[in-house]
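Asks: Before we start, here is the structure in question, set down as structure tokens.
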Amino acid sequence: MGEEKWEIKNYTWGEVGNFKNEDNKPDWIFGSFRDIKSLAKTEDFEFKYWSFKKGEEIKHEPKFQILAKEYNFIIKGKIKGRVGDKKDIILGAGDYIIIEPGEIVNLQQEIMEDVEGITIKTPSRHGDTIKKSFIEKLLNFEK
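Residue 157 is where the sequence shown starts when you use the numbering used here, and the numbers rise one by one after that.
Structure (structure tokens):
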């Protein structure tokens, strides 16, 4: 995780590039899950800048939100993904998609061009995302 440069009562400042996940990829910047005392820790919304290289293997699995509405904006590049029963949705620079809670989604199934985007979720609730691997565990519980 990255660090904010200043933690001041009325504002917090940092650099997007400093927030990385375990794969050294850009990660969530604002949200309720932040583990530091900062104005970036909020239950109002989550914000993430993300990027992938063309042909890059993606570990992003299908998921859905219980409460949060998800807004995705493509800054540059092109991706192919799936929302609900709509397969092969192609999003390019300038496109956006809004996803209601409960809709199964995987927007990063194929990186067609180097791509950058942002995702905003509202509200921010820790544990709101249900991933495919969790659903499979539940379905195989009795086996």
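Glycine is no exception: its CB is placed at the ideal position from the N, C-alpha and C atoms.
No experiment lies behind these values; they were computed from the predicted model shown.
Distance check for residue 243 and residue 164, CA to CA, integer angstroms please.
Replies: Low confidence applies here, because residue 164 scores a pLDDT of 49, under 50, leaving its location unreliable; read the following figure in that light. One C-alpha to the other measures close to 46 Å.
Asks: Tell me, please, which residues DSSP counts as bridged to residue 201.
Replies: Looking at the DSSP assignment, residue 201 forms no beta bridge with any residue, so it has no partner.
Asks: When you compare each of 186, 232, 260 to residue 291 by their alpha carbons, which one comes out closest?
Replies: When each option's Cα is compared against that of residue 291, the closest is 260.
Asks: Can you tell me the Cβ-Cβ gap for residue 189 and residue 198, rounded? I've got them flagged as a contact below 8 Å.
Replies: In fact, because the Cβ distance is near 10 Å, the residues do not count as touching under 8 Å.
Asks: Where residue 299 and residue 293 are concerned, what is the direct C-alpha to C-alpha distance, given to the nearest angstrom?
Replies: Reliability fails at residue 299, whose pLDDT of 49 lies under 50, so the model's placement of it is uncertain and the value that follows must be treated cautiously. Each residue's Cα considered, the two are about 10 Å apart.
Asks: To the nearest angstrom, how far is the alpha carbon of residue 265 from that of residue 210?
Replies: So the two alpha carbons sit approximately 11 Å from each other.
Asks: For the beta strand (DSSP E) holding residue 248, just list the boundary residues, first then last.
Replies: Counting along the chain, the beta strand (DSSP E) containing residue 248 begins and ends at 242 to 248.
Asks: Going by C-alpha distance, which of 226, 202, 283, 208 is nearest residue 269?
Replies: When only C-alpha atoms are compared, the closest one is 208.
Asks: Name the two residues that bound the continuous beta strand (DSSP E) containing residue 263.
Replies: Its beta strand (DSSP E) spans residues 261 to 278.
Asks: Name the two residues that bound the continuous beta strand (DSSP E) containing residue 219.
Replies: Residues 219 to 221.
Asks: Within a Cβ cutoff of 6 Å, which residues of the same chain sit near residue 253, ignoring the five residues on either side of it in sequence?
Replies: Cβ within range, chain order: 228.
Asks: If you draw a straight line from the C-alpha of residue 241 to the C-alpha of residue 262, how long is it?
Replies: Cα-Cα distance, rounded: 11 Å.
Asks: Using DSSP's beta-bridge definition, name the partner residues of residue 207.
Replies: Residue 207 pairs with 272.
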